[in-house]
Amino acid sequence: MPQIAKIYILDIPYHVDIAYSYYIPQSLEDSITVGGIVEVPFGKGNRKMTGIVVDITDEECGEKIKPVSSVIGEGPILSGELIGLCRFVKDYTLCTFGDAVRAVVPSAALSKVITYYRIIPENERTSVVGFKAALDAVGERGRIVYSAASKKQKFTRQYLQTELEFDCTGIIAQMLKYGLCERCTEIKNSSSPKVRRMLSLSQKLQSEIGYEPSYFDEVLMRLRGSNQKKILEGVKEAGRIADFALFDDLGIKHTAGKNAVDSLENYGLVSVSEEEAYRNHFTLENAESDEPFCAPVLSEEQTAARDKIVSLYESHTPCAALLHGVTGSGKTNVIMASIDRVLEDGRGVIMLVPEIALTPQTVGIFLKRYGDNIAVIHSGLSGGERYDAWRRIKTGQANVVIGTRSAIFAPLHDIGMIIIDEEHEYTYKSDTNPKYHAHDIARYRCRDHNAVMLLSSATPSVSSYYKAKTGSYTLIELKERYGNATLPTVQIYDMRGETQRGNLSPIGSLLADRLHSDSESGNQSI
Numbered sequence: 023m024p025q026i027a028k029i030y031i032l033d034i035p036y037h038v039d040i041a042y043s044y045y046i047p048q049s050l051e052d053s054i055t056v057g058g059i060v061e062v063p064f065g066k067g068n069r070k071m072t073g074i075v076v077d078i079t080d081e082e083c084g085e086k087i088k089p090v091s092s093v094i095g096e097g098p099i100l101s102g103e104l105i106g107l108c109r110f111v112k113d114y115t116l117c118t119f120g121d122a123v124r125a126v127v128p129s130a131a132l133s134k135v136i137t138y139y140r141i142i143p144e145n146e147r148t149s150v151v152g153f154k155a156a157l158d159a160v161g162e163r164g165r166i167v168y169s170a171a172s173k174k175q176k177f178t179r180q181y182l183q184t185e186l187e188f189d190c191t192g193i194i195a196q197m198l199k200y201g202l203c204e205r206c207t208e209i210k211n212s213s214s215p216k217v218r219r220m221l222s223l224s225q226k227l228q229s230e231i232g233y234e235p236s237y238f239d240e241v242l243m244r245l246r247g248s249n250q251k252k253i254l255e256g257v258k259e260a261g262r263i264a265d266f267a268l269f270d271d272l273g274i275k276h277t278a279g280k281n282a283v284d285s286l287e288n289y290g291l292v293s294v295s296e297e298e299a300y301r302n303h304f305t306l307e308n309a310e311s312d313e314p315f316c317a318p319v320l321s322e323e324q325t326a327a328r329d330k331i332v333s334l335y336e337s338h339t340p341c342a343a344l345l346h347g348v349t350g351s352g353k354t355n356v357i358m359a360s361i362d363r364v365l366e367d368g369r370g371v372i373m374l375v376p377e378i379a380l381t382p383q384t385v386g387i388f389l390k391r392y393g394d395n396i397a398v399i400h401s402g403l404s405g406g407e408r409y410d411a412w413r414r415i416k417t418g419q420a421n422v423v424i425g426t427r428s429a430i431f432a433p434l435h436d437i438g439m440i441i442i443d444e445e446h447e448y449t450y451k452s453d454t455n456p457k458y459h460a461h462d463i464a465r466y467r468c469r470d471h472n473a474v475m476l477l478s479s480a481t482p483s484v485s486s487y488y489k490a491k492t493g494s495y496t497l498i499e500l501k502e503r504y505g506n507a508t509l510p511t512v513q514i515y516d517m518r519g520e521t522q523r524g525n526l527s528p529i530g531s532l533l534a535d536r537l538h539s540d541s542e543s544g545n546q547s548i
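Per our numbering, the very first residue in the sequence shown carries number 23; after that it's consecutive.
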């Protein structure tokens, strides 16, 4: 008895968005997995569509159940937890399952099935209906469509609609019926892993140099090209290096350098290998400051706050806390000290920050502390950079995720803590499908992982502060500025007297005097 796969189609309207049953052909039993992408026939026309397998069962296979056409990609892109998260987002925001998947998975990781048509040349037709009879059967408009489509190696219905003034849907169906064209599909990958070439001296050359050190100089003398000599010397000195980096260091143009490398490889002097390279702008090498990291000493109040957060984490039950601290009280130091405890257990951390706060300086602080164990996700990344960050998280190469609201969907396998910094910011609400609030997604994932949701703000939202005061969240307060720094004095000035004196400017006399005073003293004002 064949197994049944429950599959959500990615590109269908909300009113038909359910898990459809398809039977798994014997040839695909070993390659189909829960969370994987597949191609399936859908609808009366058996249009090829992309879907996500959400379950595999041993139900009885009915006569009308269609087979899975093929498997796309290698392995699952969604874990069981992320499939549950997509279902939650679908029910919670009233979006389609496909919209939820696209929020969780970067577009570059989703392959798409493209359907197109191809005119069958007269000498390749196998239909029992003759060529002329087939053209007569599709009528005058059919001949027009056939003529327009014959100009392209492959065509789509949308292309014909831009070329012609009448609907071609029914005519294409007739052309398929009489063997004038055929429907084809292809898998379009949005992105692929970046690969770079690495150069090293060949084993043969290394052994010859080992026997006779002067042999390398003899090889250089025999080479005619100056670029070949530069590259061979550079590889020997570096041991192993990426070819593009070597070209830059030696001042060789990439085209000339590539030709020189190909020649050296043909001579058996260098070995060329390929390795995957992650597109990651946020690395320790790119940090703005070269100063080594020095862990700050926590004050007594900060230590008490850290201990309270750690005790919540060590309870191994899902819970939430609000870290309410005045500006300059050192909330970030408390948060990082809490992250250290989570990482000791090998668990992951997601830290959300508003878009305005995700600066190189902010990321640099965490890079110095946690090195390349960090992955950064935000809207400014290219598709390839976002895809590579997602893959690093998925494969366990990064356990600390920093980003804007979309980072809440990061595919960490074992989340210990989710931190939402400046939790009052409106940017944690999505205004495009799916319309989610990052707080709600964080609560759901913390429940699944028995993790702590830590909200942090100097001016928390009314709802979060109410939950903290009523006991739904644990309230942790920092009332003193770090290092005994004093809070700035704030003066409230009544502007009603200004209007009575005829001053309609938004700048009152008190503020104007202070601005003039600062300017004359050489100070700055905001």
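Yeah, the Cβ is synthetic: ideal placement off N, Cα and C, and Gly gets one too.
Whole-angstrom distance between residue j and residue i, CA atom to CA atom
i                 : j              : result
serine 527        : valine 512     : 21 Å
leucine 254       : valine 292     : 8 Å
leucine 198       : asparagine 288 : 51 Å
phenylalanine 17  : glutamine 250  : The chain is shown only over 23 to 548; residue 17 falls outside these bounds and no answer can be derived.
glycine 58        : leucine 509    : 55 Å
phenylalanine 110 : cysteine 83    : 28 Å
threonine 277     : lysine 176     : 34 Å
arginine 246      : valine 217     : 30 Å
proline 35        : tyrosine 181   : 23 Å
threonine 496     : lysine 489     : 8 Å
isoleucine 529    : alanine 507    : 29 Å
histidine 538     : valine 375     : 36 Å
threonine 148     : valine 38      : 37 Å
threonine 349     : glutamate 502  : 9 Å
tyrosine 450      : histidine 461  : 8 Å
arginine 518      : alanine 534    : 16 Å
lysine 330        : threonine 492  : 18 Å
valine 6          : leucine 286    : With the chain covering 23 to 548 only, the question about residue 6 has no answer from this structure.
isoleucine 26     : isoleucine 387 : 50 Å
Contact check, residue i vs residue j, beta carbons under 8 Å
i              : j              : result
isoleucine 372 : isoleucine 430 : yes
isoleucine 415 : valine 398     : no
tyrosine 42    : isoleucine 74  : no
leucine 345    : valine 356     : yes
alanine 327    : leucine 100    : no
tyrosine 409   : arginine 363   : no
glycine 201    : alanine 130    : no
isoleucine 231 : lysine 252     : no
serine 494     : histidine 446  : no
methionine 439 : valine 474     : yes
leucine 389    : isoleucine 441 : no
glycine 256    : aspartate 271  : yes
serine 92      : valine 60      : yes
tyrosine 504   : glycine 352    : yes
valine 76      : tyrosine 44    : no
alanine 159    : glutamine 183  : no
glutamate 444  : alanine 379    : yes
arginine 69    : threonine 137  : yes
proline 482    : leucine 104    : no
leucine 365    : valine 283     : no
glutamate 520  : serine 531     : yes
Proximity winner among the options, relative to residue i (alpha-carbon distances)
i              : options                        : result
alanine 171    : Gly438, Leu186, Ile441, Val76  : Leu186
arginine 219   : Gly279, Thr207, Val241, Arg518 : Gly279
histidine 435  : Asp410, Leu50, Gly368          : Gly368
glycine 290    : Leu223, Val62, Leu334, Cys468  : Leu223
leucine 132    : Arg140, Ala122, Tyr139         : Ala122
isoleucine 141 : Thr115, Ile194, Gln183, Ala125 : Ile194
methionine 71  : Thr449, Lys112, Pro63          : Pro63
glycine 65     : Asp52, Asp33, Val56            : Asp33
threonine 339  : Asp470, Ser541, Tyr45          : Asp470
serine 404     : Met358, Tyr45, Pro128          : Pro128
threonine 79   : Ser91, Ile46, Lys86            : Ile46
cysteine 3     : Arg163, Ser285, Val283, Pro98  : Given that the chain is displayed from residue 23 to residue 548, the structure contains no residue 3 and the question cannot be resolved.
arginine 124   : Phe153, Trp412, Gln324         : Trp412
serine 360     : Tyr138, His400, Ala317         : Ala317
tyrosine 116   : Thr454, Val56, Lys258          : At residue 116 the sequence reads leucine, which differs from the tyrosine that was named. Checked all of Thr454, Val56, Lys258; the closest Cα to leucine 116 is Thr454.
glutamate 96   : Gly67, Tyr138, Glu81, Ser53    : Ser53
glutamine 324  : Ile498, Gln522, Arg69          : Ile498
arginine 427   : Pro456, Gly152, Asp284         : Pro456
glycine 347    : Asp394, Lys28, Tyr487, Pro143  : Tyr487
Contact test: residue i Cβ vs the ligand MN heavy atom, cutoff 7 Å
i           : result
alanine 155 : This structure lacks the ligand MN, and indeed carries no ligand of any kind.
Entirely enclosed alpha helix (DSSP H) segments - the segment 92-177, minimum 4 residues: Within the segment 92-177, the runs of alpha helix (DSSP H) at least 4 residues long that lie entirely inside it are, in chain order, 102-115, 119-126, 153-171.
Contiguous beta strand (DSSP E) assignments of at least 3 residues, all confined to the segment 360-447: Correct list: 370-374, 396-399, 422-425, 437-443.
So within the segment 246-302, which uninterrupted beta strand (DSSP E) runs reach at least 3 residues, ignoring any that extend past its ends? Taking only runs of at least 3 residues, the beta strand (DSSP E) segments lying wholly in the segment 246-302 are 262-264, 292-299.
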